[in-house]
Each structure stands twice: as C-alpha cells, then as structure tokens.
Amino acid sequence: DNIENSGVEGALTGPVSRGDIETVNKHINILKKNKPGLTLMYAALGLQSISIAEKQGADPDKLEKIKELFLDTAGDVLNDYK
7 DNIENSGVEG
17 ALTGPVSRGD
27 IETVNKHINI
37 LKKNKPGLTL
47 MYAALGLQSI
57 SIAEKQGADP
67 DKLEKIKELF
77 LDTAGDVLND
87 YK
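Residue numbers for the sequence shown follow the numbering used here, so the first one is 7 and each next one is one higher.
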C-alpha cells in the first residue's frame, strides 16, 4: 500500500532512510554469518535505496558512510569468489 499511496520515494523506510549505519552494519554481519549468499544482494539493494533516501532528505554524511559500508561489503563478497 505504501508504494501505491506514496510512490517509491515516499515508501522507503528502514535503516538506510534513517541514516542508521549501526543497524545496517548489524544486518550485514548477521547475513555474513548466517546467509552469506544474501549479503551481496543486501548491499546492492542498499546502494539503490541511498538515492531514494537522499531525495527524502536523509543526512548526506550518514548516507555516504552507509554507501562506503555497502561498497566495502560488496567488494569483500566478490573477492570471496576469486
């Protein structure tokens, strides 16, 4: 219902939209430990949600740190495939 009523940009909620790097980091660590195959997907989706969070007015400094965390995470996962 959120997307229908608010559009994609208005419907985004969660740690990225709040600039909550601690929660994002916890999610990544839990995924790495329990479902490592989903970690890259989480990082990729998270990176896509950053631009939406920017449009919602989230703190740009916090979003930059989250972006770096997602990029580092994706790099780590991809290096595991070498």
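Don't be surprised by glycine CBs; every beta carbon is placed ideally from N, CA and C.
Comparing C-alpha distances from Leu84 to each of Asp26, Arg24, Lys61, Ala49 shows the shortest one belongs to Ala49. With a cut-off of 8 Å on Cβ pairs, the segment 18-30 is in contact with the segment 43-57, counting three or more such pairs. Counting other Cβ atoms within 10 Å of its Cβ, Leu77 stays below 16 and is therefore classed as exposed.
When Asn11, Asn8, Gly16, Ile9 are compared, the shortest CA-CA separation from Gln62 is found for Gly16. By the neighbour-count criterion, in which a residue is buried when 16 or more other Cβ atoms sit within 10 angstroms of its Cβ, Leu51 is exposed.
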